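Under full-length UniProt numbering, think of the first position of the sequence shown as 1, with each following residue one higher.
Every residue gets a Cβ at the ideal spot worked out from N, C-alpha and C, and that includes glycine.
Just so it is clear, the structure is predicted and the values come from calculations on it, not from any experiment.
The structure under discussion appears below in the form of structure tokens.
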Amino acid sequence: MLCQITLRDEGCELLAASRGYIAVVECLVKLIQSDGQNGEEDSGSIFLACDTVMNILLKRENIRFSPEMSTFSSLLKALAYWVDGTEDPSVVMMAANICSLICNFTSEEALLKQPSFNASSLDSLAGLIARSLSSSGLDTSDTADLLELITAGYS
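See below:
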């Protein structure tokens, strides 16, 4: 439902103003961390939460949204962890897309000032970025739009 609401600017404004995006990001981090640990995967919920976060980040300038770096630094780490354990190109592209959108409003220096983000986290993030760009030759119709956003975000 939130994913559908955030397709429109008004939905993103509401989620940002109420700080509900923090709950969405925290939920996404927990879903990623527990994915498959109980013998079941919840990839559908993870992708819906990713879409919600992506919608907010894509509309960030339109809705004058200033995200809290502490919230998104934990998401960067979780996304790198998620990608590290998969061969699924849609996971790699989704994670890389969100990372590129986050990197558009921060810097390496700002990330390293976050208590939960360190040089190892930065290395994992760099690995995710490299992996997404190296898989660009494996372009499928499912990931083509994400690849376009990723390359625009990294340039």
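Given M54 as reference, the closest of S43, A78, I102 and G127 once Cα atoms are compared
The residue labelled residue 54 in the question sits at position 54 within the sequence shown. Of the listed residues, the one whose Cα sits closest to M54 is I102.
Skipping 5 residues on each side, what residues in its chain have a beta carbon closer than 6 Å to that of R19?
By 1-based counting over the sequence shown, the position of residue 19 is 19. Result list for R19: empty, nothing under 6 Å.
Buried versus exposed call for K59 [16 or more other C-beta atoms within 10 Å across all chains shown]
Translated into positions along the sequence shown, residue 59 becomes position 59. Buried, because 16 or more other Cβ atoms sit within 10 Å of the Cβ of K59.
Compare the Cα-Cα distances from T86 to each of N118, K30 and R131 and report the closest residue.
As a first step, residue 86 is located in the sequence shown; it is residue number 86 there, counting from the start. When only C-alpha atoms are compared, the closest one is R131.
Where L7 falls: helix, strand or coil (DSSP):
Sequence index remark: in the sequence shown, residue 7 carries index 7 (1-based). Reduced to three states, the DSSP call for L7 is coil.
Taking just the CA atoms, how far does S100 sit from L111?
Here residue 111 corresponds to residue number 111 of the sequence shown, with the count starting at 1. Here residue 100 corresponds to residue number 100 of the sequence shown, with the count starting at 1. Distance between the alpha carbons of L111 and S100 is about 13 Å.
Within the segment 62–116, note down every full alpha helix (DSSP H) run reaching 4 residues or more, in order along the chain.
69–84, 89–103 and 108–112
Could you tell me how far apart the beta carbons of A96 and I129 are, in whole angstroms, since I believe they sit closer than 8 Å?
Position 96 of the sequence shown, counted from the first residue, corresponds to residue 96. Position 129 of the sequence shown, counted from the first residue, corresponds to residue 129. The Cβ separation is near 6 Å, so the contact holds.
Considering only residues of the same chain and omitting the five flanking positions on each side of S124, which have a CB-CB separation below 8 Å?
As a position in the sequence shown, residue 124 is number 124, starting the count at 1. Result list for S124: K77, A80, Y81 and D84, in chain order.
Contact belief for L31 with A49 at Cβ below 8 Å, rounded distance in angstroms:
As a working note, residue 31 is residue 31 in the sequence shown. As a working note, residue 49 is residue 49 in the sequence shown. L31 to A49, Cβ: 6 Å. Contact.
Hey, how far is the Cα of G11 from the Cα of I5?
As a working note, residue 11 is residue 11 in the sequence shown. As a working note, residue 5 is residue 5 in the sequence shown. The straight-line gap from Cα to Cα measures roughly 5 Å.
Nonlocal neighbours in the same chain, by C-beta distance under 8 Å from D9, ignoring five residues either side:
Mapped onto the sequence shown, residue 9 falls at position 9. Closer than 8 Å at the Cβ level, and outside the excluded window around D9, lie K59, N62 and I63.
So T52 and I22 are in contact, right, with Cβ under 8 Å, and what is the actual spacing, rounded?
On the sequence shown, residue 52 is found 52 positions in, with the first residue counted as 1. On the sequence shown, residue 22 is found 22 positions in, with the first residue counted as 1. Not a contact, Cβ separation roughly 12 Å.
Secondary structure at K30, three-state DSSP: helix, strand or coil?
Stepping through the sequence shown from its first residue, residue 30 is reached at position 30. It is helical.
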